[in-house]
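So for the sequence shown, the numbering used here puts the first residue at 1; every next one is plus one. Here the structure comes first, spelled out in structure tokens, and everything after it is commentary.
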Amino acid sequence: MMTLAPPRPAPSAEPGHPPREAKASQGARASDFYRHDLDGLRGVAILLVAVFHVWFGRVSGGVDVFLALSGFFFGGRILRTAMTPGASLWPVPEVTRLVRRLLPALVVVLACAAVLTILIQPETRWETFADQSLASLGYYQNWELATTASDYLRAGEAVSPLQHIWSMSVQGQFYIAFLALIFGSALLFRRIFGRHMRIAFIALLSALTVASFVYAIFAHNADQATAYYNSFARAWELLLGALVGAVVSRLSWPMWLRTITAVIGLAAILACGALIDGVHEFPGPWALVPVGATMLFILSAANRVADPHTAGRMPAPNRLLATAPFVALGAMAYSLYLWHWPLLIFYLSYTGHPRVNFVEGAAVLLVSGVLAWLTTKFVENPLRYKTAAASAPAVPLRARLRRPTMALGSVVVLLAVALTATSFTWREHVTVERSSSKELTGLSSRDYPGARALLDKAKVPKLPMRPTVLEARNDLPRTTEDGCISDFDNVGVITCNYGDDQATRTIALAGGSHAEHWITALDLLGRMHHFKVVTYLKMGCPLTTEEVPLVMGDNRPYPKCHEWNERVMAKIIADRPDYVFTTATRPWNIKPGDVMPGTYTGIWRQLSDNDIPILAMRDTPWLVRNGQPYFPADCLAEGGNAISCGVKRSDVLSPRNPTLDWVAQFPLLKPLDMSDAVCRKDICRAVEGNVLLYHDAHHISTTYMRTMTTELGRQIAAATGWWAD
């Protein structure tokens with residue numbers, strides 16, 4: 001990802017000299033000079049992004065530097081045009097320039113990534129790639145990721161090779177919105193304010209910047225994972241750059257102060273990734289560090305009386321970044337950003353390693369650099385800059401088609417069309433295959449015994465596994481399809497009725513999605529034995545008294561879970577069900593096995609004090625390798641089998657159900673344990689009785705849950721005495 005700068009040829013020998021083409025395209029005044037030091041800063045920022053991604057798995061703050069520079073370059077140029085009396089406000093040339101600047105390299109990288117996806121990744125990930133390639137081409141990738149980040153059913157998905165394009169989508173959206181805003185406002189401001197338009201524009205940008213920053217803080221505190229990709233929460237970073245671009249030429253300050261400012265700004269940018277955990281802290285207040293540091297560096301070389309022909313007028317750090325190596329790195333920053341992430345992800349996917357070592361990381365960076373240079377030289381630059389032939393006399397069509405740039409442009413267009421068509425075609429194929437998943441409810445128990453193969457030693461005929469690897473993702477409980485589970489943002493208590501709706505006996509199914517997936521069996525049992533099941537569910541939120549809950553899997557703060565727990569416990573106690581069915585254990589994060597968290601006991605105390613018994617279900621195993629959740633469907637699609645795609649029982653379950661240790665303290669606690677319906681004595685396999693156990697990394701498939709109904713009914717009958725075993 002590279003911020004937009006005025007079109008220009010290769011850097012001149014003297015960094016202080018603006019290229020003539022760049023100067024002309026800006027309509028610059030004679031006192032303006034091109035900021036090659038910011039090209040160098042762009043190169044430093046992309047190097048930080050790549051290095052921190054490859055070796056440290058952290059966010060460097062370099063993306064925020066890019067966003068700020070984008071606002072400065074693009075915003076400053078648009079503002080200068082809008083404030084120039086008589087300048088054209090027709091946006092089509094700017095939009096054309098954006099398309100010519102951004103799309104060719106993006107299309108080439110997406111096309112190569114599509115080929116690598118087919119060659120390296122299992123077909124279970126092709127749909128996600130198709131969705132995100134379309135989102136990348138349409139510049140809404142950030143919203144696609146924001147949606148899936150808040151979707152608990154997809155939160156454990158393998159990292160996408162296109163995830164990094166979210167920031168480019170934010171920039172693209174900003175470019176169009178800013179262009180419309182400024183040119184639209186200019187039509188009004190020219191009539192009302194005349195020569196004082198600058199003040200009006202500064203006031204407008206200041207108000208929008210503050211509003212976006214305040215919104216970012218609230219969004220960050222409400223749901224940081226979603227806010228990270230939110231265009232409105234990121235807009236202030238670009239708007240601040242545009243605002244600085246509007247005032248930068250008015251500054252005049254001494255060299256010693258500018259040097260100190262440049263040193264502080266550059267040091268903050270270099271140290272940001274090491275000192276701040278941007279994955280969890282951005283786009284909140286801590287994003288001020290890389291963005292503010294970028295503004296300081298921009299202002300450090302801004303001097304109203306600067307001599308455009310004297311590079312020495314810039315502070316030493318600026319002169320350093322204006323040298324040829326840094327400028328060259330900045331020139332290919334966009335392509336380097338595009339290439340480094342997918343190459344890293346595909347390498348990890350191919351090797352199965354959770355991370356790269358130093359040598360592997362260096363190789364990824366080297367290949368990324370070579371591909372970035374080739375893309376810049378042979379794709380970006382030829383299509384980005386207008387050639388002299390563009391202003392030449394009319395040329396016959398056949399001759400124009402023979403021009404290298406015309407041929408190259410045609411190839412890029414064809415690649416984009418092919419990528420779009422292929423993505424839609426694969427999505428349609430998956431939709432057709434999943435349409436047959438309706439028959440999963442009617443699978444023969446003889447052909448697909450599922451859990452009965454473990455519990456009753458039922459014979460297992462040789463038949464294809466169901467759900468298939470492509471069906472698995474949508475093999476979901478009814479509560480999800482009915483919208484009967486609160487999402488991450490919703491703190492409201494949603495209740496729905498299942499089982500025998502007319503029954504007088506009630507079981508409250510309460511907690512997170514690991515309580516939810518039992519609804520399939522509970523619904524069947526309720527209709528069979530005449531009890532009602534009322535759901536009280538929220539994604540990723542078990543019943544707990546924890547003050548600062550964390551989302552299981554990535555440990556991000558989840559304050560709305562605490563608020564929901566307070567509401568739902570009051571609701572459950574007021575409704576007075578006969579039993580509360582919920583999960584009682586969680587996997588250890590620090591060692592093998594499972595545990596009953598201490599924060600659950602506060603829930604047991606509240607329910608016991610109100611004479612409400614608890615059906616405490618031991619949580620089903622979470623499939624984890626190398627510290628990361630994995631999808632058995634992915635493993636099977638890559639050629640694995642039921643055993644190789646499973647996990648050792650001792651890794652995910654303790655020898656004894658941890659809930660049993662609390663029964664003496666809580667007499668109303670009725671432990672339930674379905675572990676033997678999921679795992680064998682030594683291993684938890686991916687497939688049992690021809691049925692795939694999980695639809696993702698840790699939720700039981702609805703099809704397999706149906707096969708556990710009989711055993712669950714036996715245990716509930718023993719706990720409640722409602723019917724004979």
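For glycine and all other residues, C-beta sits at the position ideal for the given N, C-alpha and C.
Helix, strand or coil for S212? Go by DSSP, reduced to three states.
S212 falls in the helix class under three-state DSSP.
For K670 and W622, I'd like the C-alpha separation in whole angstroms.
Roughly 23 Å between the two C-alpha positions.
Using beta-carbon positions only, say whether A719 and L607 come within less than 9 Å of one another.
Cβ distance not < 9 Å, so A719 and L607 don't count as in contact.
Output the boundary residues of the beta strand (DSSP E) element that contains T506.
Here the beta strand (DSSP E) through T506 covers T506 to G511.
Could you round the C-beta distance between S167 and L239 to whole angstroms and report it? I think they count as a contact, below 8 Å.
No, S167 and L239 are not in contact; Cβ-Cβ is about 16 Å, not under 8 Å.
From which residue to which residue does the beta strand (DSSP E) around C496 run?
Taken as a continuous stretch (DSSP letters only), the beta strand (DSSP E) holding C496 covers T495 to G499.
Closest to V210 by C-alpha separation, out of V159, A235 and G75, would be which residue?
That would be A235, whose Cα lies nearest to the Cα of V210.
Taking C-alpha atoms, which residue in I176, K459, R656 and W55 lies nearest to D748?
The structure shown does not extend to residue 748, since the chain spans only 1 to 725, so no value can be given for it.
Taking only the alpha-carbon atoms, compute the straight-line gap between V430 and N474 and give it to the nearest angstrom.
If you take the alpha carbons of V430 and N474, they lie about 11 Å apart.
Can you tell me where the alpha helix (DSSP H) with T583 in it begins and where it stops?
Counting along the chain, T583 falls outside any alpha helix (DSSP H), though it belongs to the beta strand (DSSP E) covering Y579 to T583.
Is it buried or exposed, E711, if we count other Cβ atoms within 10 angstroms and call 16 or more buried?
With 16 or more Cβ atoms within 10 Å of its Cβ, E711 is classed as buried.
When you compare the CB positions of D39 and L321, do they come within less than 9 Å of one another, or not?
Result yes, Cβ atoms of D39 and L321 sit closer than 9 Å.
What does a CB cutoff of less than 7 Å around V49 pick up in its chain, not counting 5 residues either side in sequence?
S60, G62, V63 and Y337, listed in sequence order.
Quick check on the DSSP output: what are the complete beta strand (DSSP E) runs of length 3 or more inside the segment 507-546, in order along the chain?
Here the runs fully enclosed are 532-537.
With H, G and I counted as helix, E and B as strand and the rest as coil, what does DSSP make of R191?
If DSSP states are grouped into helix, strand and coil, R191 belongs with the helices.
When we look at the beta-carbon of S160 and count the other beta-carbons within 10 Å, is it buried (16 or more) or exposed?
It counts as buried.
Please determine if the segment 405-423 and the segment 132-147 are in contact, where contact requires at least 3 C-beta pairs separated by less than 8 Å.
Judged by Cβ distances under 8 Å, the segment 405-423 makes contact with the segment 132-147, as three or more pairs qualify.
Out of S701, E638 and I700, state which residue places its alpha-carbon closest to the alpha-carbon of I120.
Here the closest residue by C-alpha is E638.
Out of R100, W90, H353 and M83, which has the shortest C-alpha to C-alpha gap to H196?
Closest by alpha carbon: M83.
Alpha carbon to alpha carbon, how far is T535 from M552?
The straight-line gap from Cα to Cα measures roughly 21 Å.
Count the other CB atoms within 10 Å of the CB of D611; is the residue buried (16 or more) or exposed (fewer)?
That one is exposed.
Spell out a yes or no on whether the segment 338-351 and the segment 108-125 are touching, meaning 3 or more CB-CB pairs, one atom from each, closer than 8 Å.
Flag = yes, the segment 338-351 and the segment 108-125 touch.
Could you give the DSSP three-state label for P671: helix, strand or coil?
It is a strand residue.
Measuring CA to CA, which of R35, Y694, Q715 and R680 is closest to F326?
When each option's Cα is compared against that of F326, the closest is R35.
Please classify E566: is it buried, with 16 or more other beta-carbons within 10 angstroms of its beta-carbon, or exposed?
By the neighbour-count rule (16 or more Cβ atoms within 10 Å), E566 is not buried but exposed.
With a 10 Å radius around its C-beta and 16 neighbouring C-beta atoms as the bar for buried, classify E547 as buried or exposed.
Exposed, because fewer than 16 other Cβ atoms sit within 10 Å of the Cβ of E547.
Considering only the alpha carbon of each residue, which of G512, M596, M708 and W126 lies closest to D634?
Cα-wise, what sits closest to D634 is W126.
Just to confirm my understanding: we take L266, look at its own chain, exclude 5 residues before and 5 after, and list those with CB closer than 7 Å. What are they?
Answer for L266: F297 and P317, listed in chain order.
Under 6 Å Cβ to Cβ from T599, same chain only, skipping five residues before and after it: list those, please.
Counting only Cβ-Cβ distances below 6 Å, and skipping sequence neighbours, we find T544, T545 and E546.
With a threshold of 16 other CB atoms inside 10 Å of the CB of M1, please say whether the residue is buried or exposed.
Note that M1 scores a pLDDT of 35, beneath 50, so its modelled location is shaky and nothing firm can be said.
Do the segment 693-710 and the segment 464-481 make contact, defined as three or more Cβ pairs closer than 8 Å?
Flag = yes, the segment 693-710 and the segment 464-481 touch.
Got a sec, what are the start and stop residues for the beta strand (DSSP E) I614 sits in?
That run of the beta strand (DSSP E) goes I614 to M617.
Going by beta-carbon coordinates alone, are H529 and G713 separated by less than 9 Å?
Yes, Cβ-Cβ distance for H529 and G713 is below 9 Å.
Since F66 is in the alpha helix (DSSP H), which residue starts that stretch and which ends it?
Note, F66: alpha helix (DSSP H), G62 to S70.
Within this structure, are the beta carbons of G75 and A207 separated by less than 9 Å?
Taking 9 Å as the Cβ cut-off, G75 and A207 do not qualify as a contacting pair.
Can you give the Cα-Cα distance for L153 and D696, rounded to whole angstroms?
At L153, the pLDDT of 49 sits below 50, so the modelled position is not reliable; the number obtained from the coordinates is stated separately. Rounded to whole angstroms, L153 to D696 spans 7 Å at the Cα level.
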